[in-house]
Amino acid sequence: LLKALRHETPDVATTAARLKLDPKSSDTIANVIKTYHPPNAGKLSLVRVWSGQVTEGMSLNGVRVAGVLRLLGAQSTKANAAGPGEVVALARMEGIDSGTVLSSGAAPPAFPKIPLPNPVYGLAIAAQNRNDEVKLSGALHRLMEEDPTLSVEHNAELQEQVLWGQGDIHLQI
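Numbering of the sequence shown is given in the numbering used here, commencing with residue 6 and proceeding in unit increments.
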């Protein structure tokens, strides 16, 4: 019974072949799956390693890896390295967004872009007082980093900022 319910996913070698990655390459290649900002931890980039090893202190796309973490729920443990097929979090990868292909070589390979839906529902937002406008701007930037289906627009006619998403519930969350 369990065998019938099991979901089979291709192994790393099969997916690497589909993406036309050289399995004998010594370059490290990883793909940023998701970016998020947990409280009091800074920016974390979840990556899947396709080839090579990701280690703390190495440079990927010109950005130094500040730390390699294995995640289990809200718990994180420091890892020395991550190899092909592993999903780990890289700490403080500034300037790296979700969907970015990281490489230790000269130029990262091109991966197919994941199609994202266009925002369809807008909600006007404003800071309660002028002192909070900078905080609001930073929070919106972090939100758009974590969820690429969100966008912010400044409506000049109405003098308001509009947060765009997939619907009312999406924006409430």
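Every residue gets a Cβ at the ideal spot worked out from N, C-alpha and C, and that includes glycine. Bear in mind that the values here come from a model prediction, so they are computed numbers and not experimental data.
Buried/exposed call for residue i, threshold 16 Cβ in 10 Å
i, result
"residue 94", "buried"
"residue 35", "buried"
"residue 59", "buried"
"residue 19", "exposed"
"residue 6", "For residue 6, the predicted structure reports a pLDDT of 47, less than 50, and the residue's modelled location is therefore unreliable. The matter cannot be settled from this model."
"residue 118", "exposed"
"residue 57", "buried"
"residue 50", "buried"
"residue 48", "buried"
"residue 168", "buried"
"residue 62", "exposed"
Range of the contiguous beta strand (DSSP E) that encloses residue i
i, result
"residue 53", "49–56"
"residue 125", "Looking at the DSSP string, residue 125 is not in any beta strand (DSSP E), and its letter there is neither H nor E."
"residue 107", "106–108"
Backbone secondary structure at residue i - three-state DSSP
i, result
"residue 42", "coil"
"residue 161", "coil"
"residue 156", "strand"
"residue 143", "helix"
"residue 6", "A caution first: residue 6 carries a pLDDT of 47, below 50, which makes its placement in the model too unreliable to give a value."
"residue 130", "strand"
"residue 3", "Residue coverage of the chain in this structure runs from 6 to 178, which leaves residue 3 outside it and unanswerable."
"residue 66", "coil"
"residue 148", "helix"
N- and C-terminal bounds of the alpha helix (DSSP H) containing residue i
i, result
"residue 80", "Careful: residue 80 lies outside any alpha helix (DSSP H), inside the beta strand (DSSP E) at 80–83."
"residue 17", "17–23"
"residue 97", "Neither: residue 97 is in no alpha helix (DSSP H) and is coded neither H nor E."
"residue 176", "173–177"
Are the stretch 67–86 and the stretch 123–131 touching by the rule of at least three beta carbon pairs closer than 8 Å? No, they do not touch.
Is the stretch 137–147 touching the stretch 86–103 in the sense that three or more CB pairs, one from each, lie closer than 8 Å? Proximity of the stretch 86–103 to the stretch 137–147 falls short of the contact definition, fewer than three beta-carbon pairs being nearer than 8 Å.
For the pair the stretch 23–33 and the stretch 107–119, tell me if three or more CB-CB distances fall below 8 Å. A contact exists between the stretch 23–33 and the stretch 107–119.
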